[in-house]
Amino acid sequence: ACKDPSLATTCNFDYSGALIEHNLLALVAYRTGRKLEWDADALKATNCPEADAYIRKTYRPGWVLNG
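Following the working numbering, the numbering of the sequence shown begins with 94 at its first residue and continues without gaps.
What follows is the structure, encoded as C-alpha cells:
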C-alpha cells in the first residue's frame with residue numbers, strides 16, 4: 094500500500110495519527126489534572142502551561158533531534 098496508492102492500508106494514517114494524538118493528550122490531561130484546550134496547529138495546550146513539560150522535551154546540551 095505504501096508503493097501503490099490504489100491499495101488501501103488496514104489502518105489509514107490520517108485516522109490513526111489523530112487517534113494517537115487524542116489518546117496521548119488524554120494522558121497529559123490526566124497527569125496535569127486539568128481539562129485541556131488544544132491548539133492542534135501550534136501543538137500547545139492554550140489553557141495549561143504545565144502541559145508543555147509532557148508535550149515537549151528539553152534535551153541536554155549536545156543532544157538534539159534532527160528533523
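A virtual CB, placed ideally from N, CA and C, is assigned to each residue, including glycine.
In the DSSP output, which residue or residues are listed as bridge partners for residue i?
{"i": "Asp-132", "result": "Lys-137"}
So, with DSSP's three-state summary, where would you put residue i?
{"i": "Thr-102", "result": "coil"}
{"i": "Leu-112", "result": "helix"}
{"i": "Pro-142", "result": "helix"}
{"i": "Asp-107", "result": "helix"}
{"i": "Val-121", "result": "helix"}
{"i": "Tyr-147", "result": "helix"}
Within 10 Å of its beta-carbon, does residue i have 16 or more other beta-carbons around it, so buried, or fewer, so exposed?
{"i": "Ala-101", "result": "exposed"}
Tell whether a beta-carbon distance below 7 Å holds between residue i and residue j.
{"i": "Ala-122", "j": "Leu-112", "result": "no"}
{"i": "Cys-141", "j": "Thr-151", "result": "no"}
{"i": "Leu-144", "j": "Ala-138", "result": "A small fix is needed here, since residue 144 is Ala in this sequence, not Leu. Closer than 7 Å, so yes."}
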